[in-house]
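Structure, as structure tokens:
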Amino acid sequence: MEALRARGLTKAFRVKRKDQGLGGSLRSWLRPEWEEKIAVANIDLDVGRGETVAFLGPNGAGKSTTIKMLTGILHPSSGEATVVGFTPWRERAKLAYRIGTVFGQKSQLWYHLPPLDTFELIGRIYEMKRDDYAKRREDLIERFELGPYLRTPVRKLSLGERMRCEIAASLLHRPELLFLDEPTIGLDVVVKQRIRELIRERNRSEETTVFLTSHDAGDVEELCSRVLVIHHGGLLLDEPVERIKRDVLSRKTITITLAAEVSPEELPCVQGTENVAVAGRQVRLEVDLRRAGVEEVLSGFIGRFGIEDLTVEDPPMEEIIKHIYGER
Amino acid sequence: MDRTMGDSSRTEAGKAVAIWGAGAAAFAKSAAVARITLRQMMFYKTDFLLRCAFLLMILYVFSQLWSAAYGGGETGSVAGFTLKQLLWYLVFTEALTLAAPPICSRIEQEVKNGDVAMRLVRPISYVLYHYASFLAEAALRFAIHLLAGSLVVWPIVGAPNFGYGWAALLSLSLGALTVTFLMAAAIGLCAFWIEETRGLEFVLQKLQFTLGGMLLPIDLMPDWLQRICAWLPFRAAMYLPARAAVHSGGDHLLRDLGVQAVWLAVLGAIVAVIFRRGAVKLHVNGG
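Here it is, written out as structure tokens:
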């Protein structure tokens, strides 16, 4: 069963061209020149129910515009889409009951009031039955550990506390599909981790489909099973997270802890290894798997040095994305 | 045959129930928006105080001016208004004018900073949401402004013993504020197309102040201007409730309510069309 399907989704809009300075402003006022900007070009998307999909791309690639079309806020210039069975821009109100949205840079909570007031408003707006609302609210308050902040005005909350409230507010009406636009922006590592756990848990326990945009590789690696990459408005890549890590960027970072300290000159020279760094007994190096195997690298060490510990890691997602852009 | 009729009447009944249900749901949602708006308003005490101070100042100046114009006599009447009626008329129009929140700039701001997206993903109409919030804010302010205005005018011309006039004021004020909302919303929604609506808002406000009868009852205007005003919506937003309040007879109440109803229908249709077209044109800033 599909949660989301889009075919040829395109959004173009007109922007007024303005030259520099007062003269430029005057000219554009008297004789406006428009140029057409394509924000999203001909995108096809398929997301199954219960899937967690990352929608990535650099700034201005068209991520937010796509999300806004899929939630019914924007009308596309052409193309079609079905989100949980509805055409978003034609059936926006009906769709609203079935989806949840979190825009990391916008707040849905009332600034001067405690989060509880916004929860109450949302309960009413989504026409939740009173006992169901109360039960659901208590459940989310417990899971998201919101108890201590419920009666604090939103303006006094830290960004992390506020974001937990924002996500809980978006989940109140049990959306089948959750759109998250930069949910961890500006948060510290610990809070990011907690937010990811909470989203992952909702995905598992309620099969909430997650469609996420993020600049944070961690969000993608830890939350998502599939990655869609968009660039210049078009879809560049659609692959499982694991495959991207394996195929697109065939690099591993190997960290070896040796039994004794070693100087860089003593290390074996294996073709395909780069960025070798030695710190005391620890040696860290990157290996390009197309040029050398992990085994080959390790064989240079085994027998010559005592090895105490060894880890082989995937590179961070930022590197992967950078690499994808570089390659295509 | 019977069965078909039975089915069709059942469908009719079903439709009626569905419409009733949708109406009740929309009302419950609006009430929730109104409640949270009132709660949030409690944090803007300075705004309340400033508006009240401004109201007191304006009313004081006008009461001095009109007292001089009437020659201090409280029995004389100009175009059917005694000094007492005129000053209380001004309290009512000023209370209504200053009660209306700046809905036009709010919509424009929401379009500019992209907050409009947050509103559009909710299962409540964008216009209804703003209307509920507008009305809650306006109603509270209107009540406070009436009290504040009374402080100035009561000692000068005496108690507002207008009897049924109060009932007329209250019943026409709801329509008046709604007309004000719809006019401002129509301009504000133009922000879906054009970047700046301030110019249009400025013109609208000034037309309301003059042709709406805020500073001067329309009866005191030249005949030709009165005839123009009769065809414009501005009088329904201020003049009608304030005039009905001070002319306690209540004989024109039904007619006034009728005039408001017509304008509500016309402006409501205009706002609906603008919103529907604007939603297609909308480009949300930021991202």
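Protein sequences appear in the order of chains A and B.
For the first sequence, position 281 matches number 281 in this note's numbering, and the numbering has no gaps at all.
If you count the second sequence from 1, you need to add 328 to reach this note's numbering.
From the three backbone atoms N, C-alpha and C, an ideal C-beta is built for every residue, glycine too.
Predicted model only: the values in this text are computed from it and were never measured.
Contact set between residue i and chain B, taken where Cβ atoms lie within less than 7 Å
i, result
"A/Tyr-126", "Pro-451"
"A/Ile-73", "Ala-445, Leu-448, Val-449, Val-612"
"A/Thr-101", "Val-449"
"A/Lys-68", "Ala-445, Val-612"
"A/Phe-13", "His-611"
C-beta atoms of residue i and residue j nearer than 9 Å
i, j, result
"B/Phe-603", "B/Leu-517", "yes"
"A/Val-294", "A/Ile-254", "yes"
"A/Gly-300", "A/Pro-268", "yes"
"B/Pro-488", "B/Ser-478", "yes"
"B/Pro-561", "B/Val-594", "yes"
"B/Gly-503", "B/Leu-585", "yes"
"B/Ala-570", "B/Gly-541", "yes"
"A/Gln-101", "A/Leu-30", "Going by the sequence as given, residue 101 of chain A is Thr instead of Gln. No, these two residues do not count as a Cβ contact at 9 Å."
"B/Ala-573", "B/Leu-475", "no"
"A/Ala-6", "A/Thr-82", "yes"
"A/Leu-172", "A/Phe-103", "no"
"B/Leu-448", "B/Ala-564", "no"
"A/Glu-206", "A/Arg-174", "yes"
"A/Arg-281", "A/Leu-258", "yes"
"B/Phe-519", "B/Ile-435", "Residue identity differs from the one stated: residue 519 of chain B is Ala in this sequence, not Phe. Contact: yes."
"A/Leu-236", "A/Ile-230", "yes"
"A/Arg-196", "A/Gly-218", "yes"
Nearest candidate by alpha-carbon position, reference residue i, set the options
i, options, result
"A/Ile-337", "A/Arg-291, A/Glu-127, A/Thr-208, A/Val-241", "Chain A is shown only over 1 to 328; residue 337 of chain A falls outside these bounds and no answer can be derived."
"A/Ala-169", "A/Asp-188, A/Arg-284, A/Arg-124", "A/Arg-124"
"A/Asp-238", "A/Leu-26, A/Gly-23, A/Asp-19, A/Leu-56", "A/Leu-56"
"A/Ile-199", "A/Gln-271, A/Val-15, A/Leu-140, A/Lys-94", "A/Leu-140"
"B/Ala-464", "B/Glu-529, B/Gly-342, B/Thr-365, B/Ala-565", "B/Thr-365"
"A/Glu-221", "A/Phe-13, A/Pro-240, A/Leu-30, A/Val-283", "A/Pro-240"
"A/Leu-228", "A/Val-40, A/Val-53, A/Met-1, A/Ala-12", "A/Val-53"
"B/Tyr-372", "B/Leu-539, B/Arg-469, B/Ala-597", "B/Arg-469"
"B/Gly-527", "B/Ile-515, B/Val-587, B/Val-601, B/Ala-495", "B/Ile-515"
"B/Phe-355", "B/Lys-440, B/Gln-588, B/Tyr-457, B/Lys-412", "B/Tyr-457"
"A/Leu-289", "A/Pro-264, A/Gly-218, A/Arg-251, A/Val-297", "A/Arg-251"
"A/His-323", "A/Pro-58, A/His-112, A/Lys-192, A/Ser-78", "A/Pro-58"
"B/Leu-510", "B/Leu-582, B/Thr-374, B/Ile-431, B/Phe-537", "B/Ile-431"
"B/Pro-483", "B/Leu-581, B/Phe-382, B/Ser-395", "B/Ser-395"
"A/Val-84", "A/Val-40, A/Asp-216, A/Glu-176", "A/Glu-176"
"B/Met-446", "A/Trp-110, A/Glu-2, A/Val-189", "A/Trp-110"
"B/Val-480", "B/Ala-397, B/Leu-582, B/Arg-434, B/Cys-380", "B/Cys-380"
"B/Gly-596", "B/Ala-350, B/Pro-429, B/Val-507, B/Gly-349", "B/Val-507"
"A/Gly-233", "A/Ala-12, A/Leu-70, A/Asp-219, A/Val-40", "A/Val-40"
"A/Thr-311", "A/Ser-158, A/His-231, A/Leu-285, A/Thr-273", "A/Leu-285"
Beta-ladder partner(s) of residue i, from DSSP
i, result
"A/Ser-64", "The partner list for A/Ser-64 (beta bridge, DSSP) is empty, contrary to what the question assumes."
"A/Trp-34", "A/Lys-16"
"A/Phe-211", "A/Val-53, A/Phe-179"
"A/Val-83", "A/Leu-4, A/Phe-86"
"A/Ser-78", "A/Thr-10"
"A/Ala-277", "A/Arg-284"
"A/Asp-238", "A/Leu-228"
"A/Asp-309", "A/Thr-257"
"A/Asp-46", "A/Arg-5"
"A/Gly-100", "A/Leu-178"
Chain A residues whose Cβ lies nearer than 9 Å to that of residue i
i, result
"B/Lys-412", "Simply none; closest approach about 41 Å."
"B/Val-361", "Leu-121, Arg-124, Ile-125"
Chain A contact residues for residue i, given Cβ-Cβ distances below 7 Å
i, result
"B/Gln-368", "Trp-110, His-112, Leu-113"
"B/Phe-371", "His-112"
Listed by chain order, chain D residues near residue i by CB distance under 7 Å
i, result
"B/Lys-357", "Considering every chain present, this structure includes no chain D. Its protein chains are A and B."
Where residue i meets chain A, residues with beta-carbon distance less than 8 Å
i, result
"B/Ile-364", "Trp-110, Leu-113, Asp-117, Thr-118, Glu-120, Leu-121"
"B/Ala-353", "Glu-127"
"B/Val-623", "Any answer about residue 623 of chain B is impossible in this case: the structure gives chain B only from 329 up to 615."
"B/Gly-527", "Near B/Gly-527 there are no residues of chain A at all, since even the closest Cβ is about 13 Å away, more than 8 Å."
Within chain B, the residues that residue i reaches when beta carbons sit closer than 9 Å
i, result
"A/Arg-92", "Leu-448, Val-449, Pro-451, Ala-607"
"A/Lys-106", "Asn-441, Gly-442, Asp-443, Ala-445, Met-446, Gly-614"
Under 8 Å by beta carbon: chain B residues contacting residue i
i, result
"A/Ala-96", "Val-449, Arg-450, Pro-451"
"A/Lys-156", "Ordered by position in chain B, no residue passes the 8 Å Cβ test against A/Lys-156, which lies about 12 Å from the chain."
heavy atom of the ligand HEM below 8 Å from residue i C-beta
i, result
"A/Trp-89", "You won't find the ligand HEM in this model; it holds no ligand whatsoever."
Checklist line | Given 8 Å, three or more beta-carbon pairs between the segment 152-171 of chain A and the segment 125-144 of chain A | finding: yes
Note to self: With a threshold of 8 Å, are at least 3 pairs of Cβ atoms found where one atom belongs to the segment 70-90 of chain A and the other to the segment 148-160 of chain A?
What the structure shows: no
Margin query: Three or more C-beta pairs under 8 Å: does that hold for the segment 410-424 of chain B against the segment 32-49 of chain A?
Written below: no
Notebook entry, point to check: With contact counted as at least three CB pairs below 8 Å, one residue from each stretch, are the segment 211-226 of chain A and the segment 20-29 of chain A in contact?
Noted result: no
Next item on the list: Check whether the segment 23-31 of chain A touches the segment 181-188 of chain A, taking contact to mean three or more Cβ pairs, one atom from each stretch, closer than 8 Å.
Entry: no
Checklist line | Meets three-Cβ-pair contact criterion under 8 Å: the segment 129-139 of chain A and the segment 87-99 of chain A | finding: no
Check: Within the chosen definition, does the segment 356-363 of chain B reach the segment 460-475 of chain B through at least 3 CB pairs nearer than 8 Å?
Finding: yes
Notebook entry, point to check: Counting Cβ pairs, one atom from each stretch, are 3 or more of them under 8 Å apart for the segment 388-398 of chain B and the segment 407-420 of chain B?
Noted result: yes
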